[in-house]
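A.B. asks: Pasting a structure below so you can have a look.
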Amino acid sequence: MNRAQVLHEAFGRRKNFIIILDDIWERVSLQNVGIPEPDGSNVSKVVWTTSSMNVFNSMESEKEIKVGAEDVIMSTEIQPIAKQVAKECGRLPDKFPLLISRNYNWLSNDKIRAYFLYCALYPEDHQILVDVLIEYWMAEGLINEEGSIQTEKDKGHAYLKELKDACMIESIRDDDKYVRMHDLIRDLAINITREPPLFMVKVGLRLEESPKEEEWVESLQRVSLMRNDIKAFSGQPNCPQLSTLLLHHNGTKYSEITFSDTFFKHMHNLKVLDLSNTGIKSLPNLISVLVNLQALILTKC
Numbered sequence: 001m002n003r004a005q006v007l008h009e010a011f012g013r014r015k016n017f018i019i020i021l022d023d024i025w026e027r028v029s030l031q032n033v034g035i036p037e038p039d040g041s042n043v044s045k046v047v048w049t050t051s052s053m054n055v056f057n058s059m060e061s062e063k064e065i066k067v068g069a070e071d072v073i074m075s076t077e078i079q080p081i082a083k084q085v086a087k088e089c090g091r092l093p094d095k096f097p098l099l100i101s102r103n104y105n106w107l108s109n110d111k112i113r114a115y116f117l118y119c120a121l122y123p124e125d126h127q128i129l130v131d132v133l134i135e136y137w138m139a140e141g142l143i144n145e146e147g148s149i150q151t152e153k154d155k156g157h158a159y160l161k162e163l164k165d166a167c168m169i170e171s172i173r174d175d176d177k178y179v180r181m182h183d184l185i186r187d188l189a190i191n192i193t194r195e196p197p198l199f200m201v202k203v204g205l206r207l208e209e210s211p212k213e214e215e216w217v218e219s220l221q222r223v224s225l226m227r228n229d230i231k232a233f234s235g236q237p238n239c240p241q242l243s244t245l246l247l248h249h250n251g252t253k254y255s256e257i258t259f260s261d262t263f264f265k266h267m268h269n270l271k272v273l274d275l276s277n278t279g280i281k282s283l284p285n286l287i288s289v290l291v292n293l294q295a296l297i298l299t300k301c
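Numbering (UniProt numbering), first residue to last: 1 to 301.
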């Protein structure tokens, strides 16, 4: 039984429910998701929000509510409803960070929390390819299962299911090949990684220069600079604890990325180095000091 069937059965047992689909950017088929169409036998509602008129037009909604302008927020029709919802939810919107933090703390162990935090290395709303994510985990040594590679991959999928069940990540398609982290949850993860385990995440910002040497602090464990326009990585970062460095989709169509001769000198613990889609033609000589490297990704280079 797939996820949609499980949801459909669960909703089928409840005649009255309200479902909120927040911040959607493509047409959602209620049937494919597992949400039963409201009919005469129930008084259920499906509410969704979008910033795209194309998506709005494709969803064939019964009612449109434009949100954002002050006259709407202050309208005599909306205010009483909003106050009642806030009262019933115990001012839930103000408590979102607390609720998400509780979900994080309720994860079964530190290993599951590490898998969750790893997802924050990707850009906001990014479609994360599950197979690649699990391979990162395996290379990092986060999945320490005795047996075959397939055994470790199966365990990785089991850990992902636990994160989905805790609503910390979500599947994007029925085939479960991609997952995504909601922007609010990702914000929480980024905040957590400002303390050990320390991450540096600067993704999709169109940066043209690598972070300054003082930003590469000694306690950094994982760094993601993917999807920028950085052409040169300079200096001699002192990051002896760094285990993952994701640099893919940097450089330009016409120039490859380059590294200073000393860039990798103090990264002896590095296990995952992703240089895919950077146009790099040859590896720097000092890469030989990366004695713990388990995964070097050079796709489309």
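Backbone N, C-alpha and C define an ideal beta-carbon position, used for all residues, glycine too.
Just so you know, these numbers come straight off a predicted model, no measurement behind them.
(1) Could you pull out every residue in the same chain whose Cβ sits closer than 6 Å to the Cβ of residue 45, ignoring the five residues on either side in sequence?
(2) Mind pulling the beta strand (DSSP E) runs of 3 or more residues that sit fully within the stretch 226 to 294?
(3) Which same chain residues end up closer than 7 Å to residue 292 when comparing Cβ atoms and leaving out the 5 residues on each side of it in sequence?
(4) What does a CB cutoff of less than 6 Å around residue 340 pick up in its chain, not counting 5 residues either side in sequence?
(5) Under a three-way DSSP split, which group does residue 11 fall into?
(6) Tell me, please, whether the stretch 104 to 111 touches the stretch 210 to 227 by the rule of three or more beta-carbon pairs shorter than 8 Å.
(7) Does residue 205 pass the burial test, meaning 16 or more other C-beta atoms within 10 Å, or should it be called exposed?
(8) Return the chain-ordered list of same chain residues with a C-beta closer than 6 Å to the C-beta of residue 250, the five sequence neighbours on each side being excluded.
(9) For residue 178, does the three-state DSSP call read helix, strand or coil?
(10) Tell me the residue span of the beta strand (DSSP E) that contains residue 112.
(11) Helix or strand or just coil, what does DSSP make of residue 143?
(12) For residue 32 and residue 177, what's the separation of their Cα atoms in angstroms?
(13) Distance check for residue 156 and residue 91, CA to CA, integer angstroms please.
(14) Just to check my reading of the structure: residue 24 and residue 48 have Cβ atoms closer than 8 Å, yes? What is that Cβ distance to the nearest angstrom?
(15) From residue 289 to residue 225, what does the alpha carbon distance come to, in whole angstroms?
(16) Assuming residue 136 contacts residue 244 under a Cβ cut-off of 8 Å, what Cβ separation, rounded to an integer in Å, is found between them?
(17) Roughly how many angstroms separate the alpha carbons of residue 296 and residue 14, rounded to a whole number?
(18) Can you tell me where the beta strand (DSSP E) holding residue 198 begins and where it ends?
(19) Let me check understanding here. Comparing Cα to Cα, which of 153, 122, 11, 216 lies closest to residue 265?
(20) According to the Cβ coordinates, are residue 201 and residue 192 closer than 8 Å?
(21) Measuring only the C-alpha atoms, how far is residue 138 from residue 62?
(22) So, at 6 Å on beta carbons, what are the nonlocal neighbours of residue 170 in its own chain, with the 5 sequence-adjacent residues on each side left out?
(23) In three-state terms, what does DSSP make of residue 302?
(24) Report back the beta-carbon spacing between residue 185 and residue 168 to the nearest angstrom; my notes put them in contact at under 8 Å.
(25) Go through its chain and collect everything with a Cβ distance to residue 163's Cβ below 6 Å, but skip five positions before and after it.
(26) Excluding the 5 residues preceding and the 5 following residue 238 in the sequence, name in chain order all residues of the same chain whose CB lies nearer than 6 Å to its CB.
(27) Using only the alpha-carbon positions, how far apart do residue 76 and residue 84 sit?
(28) What did DSSP end up calling residue 33 once you bin it into helix, strand or coil?
(29) Using the rule of at least 16 other Cβ atoms within 10 Å of the residue's Cβ for burial, across every protein chain shown, is residue 175 buried or exposed?
C.D. replies: Checking against the coordinates, here is how it stands:
(1) 18
(2) 244 to 246, 272 to 274
(3) 268, 269, 270, 271
(4) Residue 340 lies beyond the range of the chain shown here (1 to 301); nothing can be said about it.
(5) helix
(6) no
(7) exposed
(8) 228, 230, 257, 278
(9) strand
(10) Unbroken run through residue 112 is the alpha helix (DSSP H), 110 to 118; no beta strand (DSSP E).
(11) coil
(12) 16 Å
(13) Summary for residue 91: the model assigns pLDDT 49, below 50, so the residue's position carries little reliability; its value from the coordinates is reported in the next sentence. When rounded, the distance between both Cα atoms is 37 Å.
(14) 6 Å
(15) 21 Å
(16) 7 Å
(17) 50 Å
(18) 198 to 201
(19) 216
(20) no
(21) 47 Å
(22) 180
(23) Any question about residue 302 goes unanswered here, given that the chain covers just 1 to 301.
(24) 6 Å
(25) 116, 169
(26) 218, 266
(27) 13 Å
(28) helix
(29) exposed
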